[in-house]
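Notes follow the structure.
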Amino acid sequence: MTEKRRTREELKRQREKQKKAQKKPIMQWVKRIAMIVVIIGVVGFLGGVGLFAYYASSAPELDEESLKDPISSEFYDKNGELFATIGTIDRKYVTYDEIPPELVDAVLATEDVRFFDHFGLDIWRTAGAVLANFRDGFGSQGGSTITQQVIKNSFFDNGKTLKRKAQEAWLAIQLEQQYEKEEIFEMYFNKILMSGRIHGIATAAKHFFGKELNELELDEMALLAGMPQSPNNYNPFRNPERAQQRRDLVLDLMVMHEKISEAEAKAAKEIDVASRVLPEEERQSIAGTKYDAFLDVVLSEIEANGDGEALSEGIKVYTTLDPNAQSVVEDVMNNAGNFPTETIQSGVSVIDTKTGEIRAIGGGRNYGAERGFNFAYDLTTRAPGSTIKPLLDYGPAIENLKWSTGQTIVDERMSYTGSDKIISNWDNKYLGAMTIREALYTSRNVPAVKALQEVGTDNAKQFISKLGINVENVYESDAIGGGNVSLTPIQMSASYAAFGNNGIYNKPKSIKEIVYRDGSKKSYKTEPVVAMNDYTAYMVTDILRDVVSNKRNASGTAAAVSGLDVAGKTGTTNYDAKDFQEFNLPSSAVPDSWFAGYTTNYSIAIWSGYADYSDPITSWDERRLPQTLFKSIMSQISANVETPNFTRPSTVVEATIEVGSNPLKLASEYTPAELRQTELFVKGTEPTQVSEEFEEQTINAPTNLKANYSDVGGLVDLSWEFTPPETDEENSTPLNVTFEVSMAVDNGAPVVVGTPTANQVTLSNIEPGRNYTFSVVAVSGDLRSEPATVSIYIDHAIEEPEVEQPEGDFGEDYNNGNNGNGNGNGNNGNNGNGNNGNGNGNNEDFEDWFGPGENEGEVVPPTNPNSPTTE
Numbered sequence: 001m002t003e004k005r006r007t008r009e010e011l012k013r014q015r016e017k018q019k020k021a022q023k024k025p026i027m028q029w030v031k032r033i034a035m036i037v038v039i040i041g042v043v044g045f046l047g048g049v050g051l052f053a054y055y056a057s058s059a060p061e062l063d064e065e066s067l068k069d070p071i072s073s074e075f076y077d078k079n080g081e082l083f084a085t086i087g088t089i090d091r092k093y094v095t096y097d098e099i100p101p102e103l104v105d106a107v108l109a110t111e112d113v114r115f116f117d118h119f120g121l122d123i124w125r126t127a128g129a130v131l132a133n134f135r136d137g138f139g140s141q142g143g144s145t146i147t148q149q150v151i152k153n154s155f156f157d158n159g160k161t162l163k164r165k166a167q168e169a170w171l172a173i174q175l176e177q178q179y180e181k182e183e184i185f186e187m188y189f190n191k192i193l194m195s196g197r198i199h200g201i202a203t204a205a206k207h208f209f210g211k212e213l214n215e216l217e218l219d220e221m222a223l224l225a226g227m228p229q230s231p232n233n234y235n236p237f238r239n240p241e242r243a244q245q246r247r248d249l250v251l252d253l254m255v256m257h258e259k260i261s262e263a264e265a266k267a268a269k270e271i272d273v274a275s276r277v278l279p280e281e282e283r284q285s286i287a288g289t290k291y292d293a294f295l296d297v298v299l300s301e302i303e304a305n306g307d308g309e310a311l312s313e314g315i316k317v318y319t320t321l322d323p324n325a326q327s328v329v330e331d332v333m334n335n336a337g338n339f340p341t342e343t344i345q346s347g348v349s350v351i352d353t354k355t356g357e358i359r360a361i362g363g364g365r366n367y368g369a370e371r372g373f374n375f376a377y378d379l380t381t382r383a384p385g386s387t388i389k390p391l392l393d394y395g396p397a398i399e400n401l402k403w404s405t406g407q408t409i410v411d412e413r414m415s416y417t418g419s420d421k422i423i424s425n426w427d428n429k430y431l432g433a434m435t436i437r438e439a440l441y442t443s444r445n446v447p448a449v450k451a452l453q454e455v456g457t458d459n460a461k462q463f464i465s466k467l468g469i470n471v472e473n474v475y476e477s478d479a480i481g482g483g484n485v486s487l488t489p490i491q492m493s494a495s496y497a498a499f500g501n502n503g504i505y506n507k508p509k510s511i512k513e514i515v516y517r518d519g520s521k522k523s524y525k526t527e528p529v530v531a532m533n534d535y536t537a538y539m540v541t542d543i544l545r546d547v548v549s550n551k552r553n554a555s556g557t558a559a560a561v562s563g564l565d566v567a568g569k570t571g572t573t574n575y576d577a578k579d580f581q582e583f584n585l586p587s588s589a590v591p592d593s594w595f596a597g598y599t600t601n602y603s604i605a606i607w608s609g610y611a612d613y614s615d616p617i618t619s620w621d622e623r624r625l626p627q628t629l630f631k632s633i634m635s636q637i638s639a640n641v642e643t644p645n646f647t648r649p650s651t652v653v654e655a656t657i658e659v660g661s662n663p664l665k666l667a668s669e670y671t672p673a674e675l676r677q678t679e680l681f682v683k684g685t686e687p688t689q690v691s692e693e694f695e696e697q698t699i700n701a702p703t704n705l706k707a708n709y710s711d712v713g714g715l716v717d718l719s720w721e722f723t724p725p726e727t728d729e730e731n732s733t734p735l736n737v738t739f740e741v742s743m744a745v746d747n748g749a750p751v752v753v754g755t756p757t758a759n760q761v762t763l764s765n766i767e768p769g770r771n772y773t774f775s776v777v778a779v780s781g782d783l784r785s786e787p788a789t790v791s792i793y794i795d796h797a798i799e800e801p802e803v804e805q806p807e808g809d810f811g812e813d814y815n816n817g818n819n820g821n822g823n824g825n826g827n828n829g830n831n832g833n834g835n836n837g838n839g840n841g842n843n844e845d846f847e848d849w850f851g852p853g854e855n856e857g858e859v860v861p862p863t864n865p866n867s868p869t870t871e
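The sequence shown: position 765 = 765 (the UniProt record's numbering), numbered continuously.
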């Protein structure tokens, strides 16, 4: 047992020795790897130090003037001409001692809480930024201190290269050595971009609040401290809600860094930003620039693309502005005679149909620099009304279902799916079966909802997403522009442009490229998107042409421009029942009116309404304002500019269909004219079957036509009989019959002398000695019967001696021949065959059927031996 135990113990010790032997090489490798890492780290550090030193050696020299004064940025139009310079405006410069301590705390809590402790670089903040850059990619997050921001805004562009960051850090350390902290803070405070063309917090305090620094309240200080991160987005004039959210965040940061108490922050948050800023009538416009509404859009686009800070760096911005178009828009917008009331507002966007480049912006009436709300760019909460129908309903239906413009749809009383809310039309009527062409150009609501139901909300959502309209969900109420889809005029003009550009969508843009101070460039080029097939684009366009036509009930006739191929759509929104009660509105009140229209050159969208949603549009002139503004602007900017017509692509064909046939069928030769309509089809889907709904229609001819002459007054009484055709009460309607009465004199050309509805007519001024032929045709619409004809010769009224009439073969009165056949073969009385004589005269200048006429030539006497004669 002892030997066995010893053996086991020896085996155990042996296994332990083997394990230690196995671990030894592993530990050796770990130690070696650690040593390599340390060596690499040291080498990397030394290399980094060397690279840092190399970059720092080429850094620019510190210059006090550059440190304290903002650098101008320049803006050029599409022709390369300078139209604006910002950064050179007068600004209020204050010393550190003039800045309230609470405002200093607000800025530090937001931008650089350890400013008074670091040496120009915040190691902890930089380390956090490095980790973020490793995680999300280089340049994803910066760790700049206030000192570094002063350096960057004075000497560098907005790039994030290693060289620039190294030089920025080196100069920040130098700046801290040469200037006191208070002086550096003063530089930042007076130079920082606050909004558009406003530099310096003191200038911003005066501009937004009308106050000096020592008059500011805590909430106002917090708002100003939060603006530099995104100046245009947090502009309280234009975006009070965003500004308030940012202000509240600054207040929370001040609490977190123990600058203020929770109670102070709470009290400041309860103050509404809109109540603090200057009212519009007291705001001061900034001189020195023009085209302010367009420039505001440019500044917002710069900020949206992450280049907001670059505005303080002296950049050159090359824009898409067309100065001629912009001048036209501003002249129209600033002319009070173009507007029905003093306070109604409008927002206008003019873009290039082919490229999406913004050519002109109407931000509002008499829009000035920093006047606040830009109705072309900032109008993000107003519904589009019926201008959404081509985008969300009919465009997707043609694209996905390949509907024809003649597709039948029924306008009838209905409600939304799963709801008892009745869908009404603008005239509170339902018109029954119609084509989608008619439904769209007359702006019927029920067919629009049906179109969306047919194509499906998912397809509709996908369709508008390719037009730059992104929404989480699409609902049936969106079909008529009263749901959750909202568009600015800029977005709408770009979306409509795709219809005029063969289905190609271009994101709207106001900038071509930016050139930084070091000569580097950044392109703002966007890639075109194939939003729809060319057949969809053209077929929608062709329907929208009818909107501005003179067709009955066309909704946009006031927007038509003579000589231009224009397509467009109107839109009007409605208040709900709650709004009517809350705002005490009249029944005619609506909040918004729209028109979006385009040619092959320009796409223009215009909104009109009042800044306050509760102020309603009530008159017809107010509702039509977008149309009249469109007509004025489009006609002026298109003058002397070649504007090609829209061209039908090869994917679209025409066919004349019978309206109401389902499925659509070709019209037959018997289809009534009012049901024959030429419509567009996606090639390959056009109908081939001819409708058999209607058969050949004829109309009975009048019968028993009689002509009775009376020498008293020279009158002829015509009478006839007519039997209306039998009709099928289910499929036909009674014929509306009139009679066309014609008369020919002496074998001349017949002339229509009456269209009675009764079966008789009296004709006057019948001359003796003339041969008259009368014809009667029954007429109903396009149907004409065979004629019934009677001729009569009126003898000369000459006094003669009495002559005894022979008995037997002659009628009592030759001159009153009834049912004569052409040459006067009267069947009268005793059936005497009287030849009325063939007058060889030529009746000229017969202007009226009862006119005298001029009878030239010899009268040939009767040749029939049985005819009575006179000598």
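Note that beta-carbon positions come from the ideal geometry of N, C-alpha and C, so glycine has one too. Note that the structure is a prediction, hence the values are computed from the model and not measured.
Would you check if the distance between the CB atom of alanine 268 and the CB atom of alanine 336 is smaller than 8 Å? no
Those residues which DSSP pairs with glutamate 740 across a bridge: Val777
Provide the residue(s) that pair with leucine 253 in DSSP beta bridges, ordered along the chain. Bridge partners of leucine 253: none, in fact.
Proximity to leucine 224 [Cα-Cα], best of Glu215, Asn239, Phe208 and Arg238: Phe208
Alpha carbon to alpha carbon, what distance is there between proline 756 and leucine 718? 11 Å
What's the gap between the Cα of glutamate 721 and the Cα of alanine 433? 39 Å
Tell me the DSSP bridge mates of isoleucine 606? Val348 and Phe595
Do you know whose CA, among Gly660, Asn338, Ile514 and Pro228, lies nearest residue 872's CA? The shown model of the chain, from 1 to 871, leaves out residue 872, and the question about it has no answer.
So the alpha helix (DSSP H) asparagine 400 belongs to, where does it begin and stop? 395-401
Which residues DSSP lists as bridging valine 761, in chain order: Leu718
Assign threonine 620 to buried or exposed, taking buried as 16 or more other Cβ atoms, counted over all protein chains shown, within 10 Å of its Cβ. Note that residue 620 is tryptophan in the sequence shown here, rather than threonine. Label assigned to tryptophan 620: exposed.
If I follow the unbroken beta strand (DSSP E) through valine 561, where does it start and stop? Taken as a continuous stretch (DSSP letters only), valine 561 belongs to no beta strand (DSSP E), as it is neither H nor E.
Alpha carbon of glycine 597 to alpha carbon of aspartate 458, nearest angstrom: 26 Å
Contact the region 602-620 vs the region 331-346: 3+ CB pairs below 8 Å: yes
Taking the beta carbon of glycine 406 as the centre, do at least 16 other beta carbons fall within 10 Å, making it buried, or is it exposed? buried
In whole angstroms, what separates the C-alpha of asparagine 239 from that of asparagine 233? 7 Å
Would you mind sorting aspartate 592 into buried or exposed? The rule is 16 or more other CB atoms within 10 Å of its CB. buried
Extent of the continuous beta strand (DSSP E) to which isoleucine 361 belongs: 358-362
Whole-angstrom distance between proline 384 and alanine 451, CA atom to CA atom: 18 Å
What span of residues does the alpha helix (DSSP H) with asparagine 445 cover, start to end? 445-455
List the DSSP bridge partners of lysine 569. Ala596
Using three-state DSSP, classify valine 107 as helix, strand or coil. helix
Three-state secondary structure assigned by DSSP to arginine 247: helix
Does the pairing of the region 680-690 with the region 661-671 give three or more beta-carbon distances under 8 Å? yes
Kindly list the residues whose CB is nearer than 8 Å to the CB of leucine 46, restricted to its own chain and excluding five residues on each side of it in sequence; keep chain order. Legend: pLDDT at leucine 46 = 44, less than 50; position of this residue unreliable, value from coordinates given subsequently. Same-chain partners within the cutoff: there are none.
Beta-carbon within less than 8 Å of valine 277's beta-carbon, same chain only, minus the 5 sequence neighbours each way: which residues are those? Phe208, Phe209, Pro236, Phe237 and Pro240
If you compare alpha carbons, which of Asp565, Arg444, Leu299 and Arg283 is closest to glycine 368? Arg283
So for methionine 227, helix, strand or coil by DSSP? helix
For leucine 82, count neighbouring C-beta atoms within 10 Å of its own C-beta (all shown protein chains included) and say buried if the count is 16 or more, exposed if not. exposed
According to the neighbour-count rule (16 or more other Cβ atoms, all chains shown, within 10 Å of its Cβ), is threonine 145 buried or exposed? buried
Given 8 Å as the limit, is there contact between the region 103-119 and the region 181-195, that is, 3 or more CB pairs closer than that? yes
Where does lysine 269 sit, in a helix, a strand or coil, going by DSSP? helix
Going by C-alpha to C-alpha distance, which of Arg770, Glu399 and Thr628 sits closest to glutamate 454? Glu399
Counting pairs of Cβ atoms below 8 Å between the region 764-771 and the region 693-700, do you hit three or more? no
Cα-Cα separation, aspartate 252 to leucine 103: 14 Å
How would you label methionine 256, buried or exposed, when you count the other beta carbons within 10 angstroms and need 16 or more for buried? exposed
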